[in-house]
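Peer 1: Here it is: the structure, laid out below.
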Amino acid sequence: MSIIKTENICKSFGNLEVLKNVSLTVEPGEVVVIIGPSGAGKSTYLRCLNRLEKSTSGKIWIDDQLFEDRANGHNQVHHTAKERAAVLLEMGMVFQRFNLFPHKTALENVMLAPLAVKHVPEKEAREKATALLQRVGLGDKMDAYPSKLSGGQQQRVAIARALAMEPKIMLFDEPTSALDPELVGDVLNVMKQLAEDGMTMLVVTHEMGFAREVADRVIFMYDGAVLEEGRPEEIFSNPKHERTRQFLQSVL
Amino acid sequence: MDALTKIVNWMPALLQATGTTISLSVLSVAAALVFAVVLALGKISANPVLSNLCRAYIFFFRGTPLLMQLFFIYYTLPQLIPALNIQSRFFAAWLAFTLNVAAYLAEIIRAAIESIDKGQMEASRALGLTRRQAMRLVIIPQAYRRMIPPICNEFVMVLKDTSLVSIIALTDLTYQTKIIASNRASALVYIPAMLIYLVITGVFTFIFNKLEKRLSIYE
């Protein structure tokens with residue numbers, strides 16, 4: 113059983129190889145944190161999972177179903193648009209720069225996709241969105257437009273918005289990197305709560321404290337490849353690889 | 051005193067011609083807007099045939115003088131294809147302006163759509179929206195507001211450019227002014243005529259500003 117499994121994912125932009133045979137598995141309920149220097153391919157890997165980028169080659173299974181089997185950029189798995197959309201809905205994504213819809217209030221941001229994609233009745237969507245915003249601590253900001261919210265609040269709305277589609281796994285792409293330091297804590301707390309509630313999470317972050325405390329497994333990526341993986345206490349206190357040691361020394 | 055009486059006497063004729071100027075401008079910009087949306091979406095579409103067709107259209111209508119296009123529709127077209135002999139001067143003028151303005155508006159709309167941050171499309175797609183839904187629900191509503199100032203600008207240009215139709219003897223404000231000026235041999239008539247243009251452009255600019263404010267509530 114795995115929510116996400118990838119085998120030898122490669123991605124090139126022209127001649128630049130960004131991912132080199134990344135193989136990784138995320139089990140249900142697991143929190144996996146990917147760390148590594150910038151340019152290591154962490155974000156690109158996440159984006160290949162939900163098709164914001166197309167990998168060049170490799171296999172992806174989502175919820176134990178083969179979703180992609182690419183060679184030279186061509187996917188050999190044939191899905192109808194509907195089947196593909198259904199698989200993609202199992203992944204929720206939170207972006208570094210929030211990407212909230214600025215012309216919609218916090219509540220409308222959370223309601224939009226359930227209404228448009230799942231055709232949930234308006235009343236039900238509203239109730240659920242309200243509950244989600246309360247869960248991320250924004251019960252009093254429902255009718256605020258994103259421009260009136262702090263970065264931390266915007267990111268929490270973005271988390272609620274992704275949760276509204278009831279994904280099986282949440283992908284976080286450096287969710288706190290664009291935040292002022294004093295706002296990082298609020299977002300990490302929401303993520304921690306989510307992990308405690310049993311959500312499966314794949315998180316790219318530079319927050320080593322979060323990785324140490326919340327992760328079940330830490331992956332160290334370097335130069336497009338997974339160099340080392342293990343339990344956080346192993347990685348942080350006893351890294352096997354010289355590169356990992358150097359990286360941890362520079363960030364801790 | 052004498053000049054003032056003259057001007058007052060000219061007013062009914064001038065105002066009637068103003069009606070033609072305004073309706074020509076409004077009707078052609080309205081039709082051009084609809085056409086421009088199709089052109090803009092066509093130009094940014096992934097279909098290379100459609101995209102190049104729209105590109106060629108825009109290139110042609112922006113690359114040749116509006117006055118020539120007007121002559122072409124009114125004089126050349128009937129000679130080439132007798133079935134297309136447009137009798138109504140107003141219709142010929144409307145057609146020329148619509149086709150021309152659509153090319154400019156298409157570029158305004160395209161630029162507004164493309165100015166929306168790429169993250170908006172990515173977030174929409176990650177939430178399961180189709181590309182079409184993302185356009186309709188997320189991208190285009192944000193692009194509206196950015197289009198208003200350049201569309202207002204374009205509209206004001208059109209209002210003034212309609213004075214070109216006097217050349218095919220359509221009685222717009224400019225043509226009427228010229229008639230009065232030559233018949234009564236008084237060049238004074240250009241003063242009220244220009245003031246009328248100023249008032250119309252002023253009123254429309256005011257309306258567009260209000261519209262822009264109303265669409266900016268979320269900023």
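Protein chains in written order, with our numbering: chain A, 113 to 364; chain B, 51 to 269.
Where a beta carbon is used, it is the ideal one built from N, C-alpha and C, also for glycine.
Thinking C-alpha only, which one of A:Glu-142, A:Gln-177, A:Val-130 is nearest A:Cys-160?
Peer 2: A:Val-130
Peer 1: Answer yes or no: does any C-beta atom of chain B fall closer than 8 Å to that of A:Ala-243?
Peer 2: no
Peer 1: Kindly indicate if chain B contains any beta-carbon less than 8 Å away from that of A:Ser-262.
Peer 2: By this cut-off, A:Ser-262 is not an interface position.
Peer 1: Output yes or no for whether 8 Å exceeds the beta carbon distance between B:Ser-75 and B:Thr-255.
Peer 2: No, Cβ-Cβ distance for B:Ser-75 and B:Thr-255 is not below 8 Å.
Peer 1: Under 7 Å Cβ to Cβ from B:Gln-226, same chain only, skipping five residues before and after it: list those, please.
Peer 2: Ala-63, Leu-64, Ala-67
Peer 1: Can you grab the Cα-Cα spacing for the pair A:Gln-208 / A:Thr-288, in whole Å?
Peer 2: Pairing A:Gln-208 with A:Thr-288, the inter-Cα distance amounts to about 7 Å.
Peer 1: Does DSSP classify B:Gln-226 as helix, strand or coil?
Peer 2: Here B:Gln-226 sits in helix by DSSP.
Peer 1: Quick one: which chain B residues come within Cβ less than 9 Å of A:Arg-273?
Peer 2: Ala-173, Leu-177
Peer 1: Nearest to B:Ser-216 by CA position, among B:Trp-144, B:Asp-52, B:Ala-96, is which residue?
Peer 2: B:Trp-144
Peer 1: Mind listing which residues of the segment 204-217 of chain A have their C-beta closer than 7 Å to chain B's C-betas, in chain order?
Peer 2: Against chain B - using a Cβ distance shorter than 7 Å - the residues of the segment 204-217 of chain A are Met-205, Phe-207, Arg-209, Asn-211, Phe-213, Pro-214, His-215.
Peer 1: In the structure shown, what three-state DSSP assignment does A:Asn-162 receive?
Peer 2: Under the three-state reduction of DSSP output, A:Asn-162 falls in the coil class, being neither helix nor strand.
Peer 1: Counting only beta-carbon separations shorter than 8 Å, does A:Leu-224 have a partner in chain B?
Peer 2: yes
Peer 1: A:Lys-253 to A:Ala-218, Cα distance in whole Å?
Peer 2: Whole-angstrom Cα-Cα distance: 7 Å.
Peer 1: Could you tell me the distance, in whole angstroms, from the CA atom of B:Met-51 to the CA atom of B:Ile-57?
Peer 2: Interpretation of B:Met-51 is limited by its pLDDT of 49, a score under 50 that renders its predicted location unreliable; the figure taken from the coordinates is listed afterwards. If you take the alpha carbons of B:Met-51 and B:Ile-57, they lie about 10 Å apart.
Peer 1: Is A:Glu-129 helix, strand or coil when you go by DSSP?
Peer 2: strand
Peer 1: What residues of chain A sit near B:Leu-187, judged by a beta carbon separation below 7 Å?
Peer 2: Leu-224, Ala-228
Peer 1: What does the alpha-carbon distance come out to for the pair A:Gly-377 and A:Ala-225?
Peer 2: In the structure as shown, chain A begins at 113 and stops at 364. Residue 377 of chain A is therefore absent and cannot be evaluated.
Peer 1: Can you check whether the CB of A:Val-316 is closer than 8 Å to the CB of A:Asp-335?
Peer 2: no
Peer 1: Under 8 Å between the Cβ atoms of A:Thr-312 and A:Glu-142?
Peer 2: yes
Peer 1: Please decide whether B:Pro-199 counts as near chain A, where near means a Cβ-Cβ distance under 8 Å.
Peer 2: Using a CB distance cut-off of 8 Å, B:Pro-199 does not count as an interface residue toward chain A.
Peer 1: Going along chain B, which residues have a C-beta under 7 Å from A:Tyr-157?
Peer 2: Within chain B, no residue comes near A:Tyr-157; the closest Cβ sits about 15 Å away, beyond 7 Å.
Peer 1: Taking the straight line between their C-alpha atoms, what separation do you get for A:Leu-300 and B:Ile-257?
Peer 2: 47 Å
Peer 1: Please classify A:Pro-258 as buried or exposed, where buried requires at least 16 neighbouring CB atoms within 10 angstroms.
Peer 2: buried
Peer 1: Are the C-beta of B:Glu-262 and some C-beta of chain A separated by less than 8 Å?
Peer 2: no
Peer 1: Given a limit of 8 Å on CB to CB distance, which residues of the segment 323-336 of chain A reach chain B?
Peer 2: none
Peer 1: So, does the segment 169-177 of chain B touch the segment 188-208 of chain B, judging by three or more C-beta pairs under 8 Å?
Peer 2: yes
Peer 1: List the residues of chain B that A:Ser-259 touches, going by C-beta distances under 9 Å, in chain order.
Peer 2: Tyr-268, Glu-269
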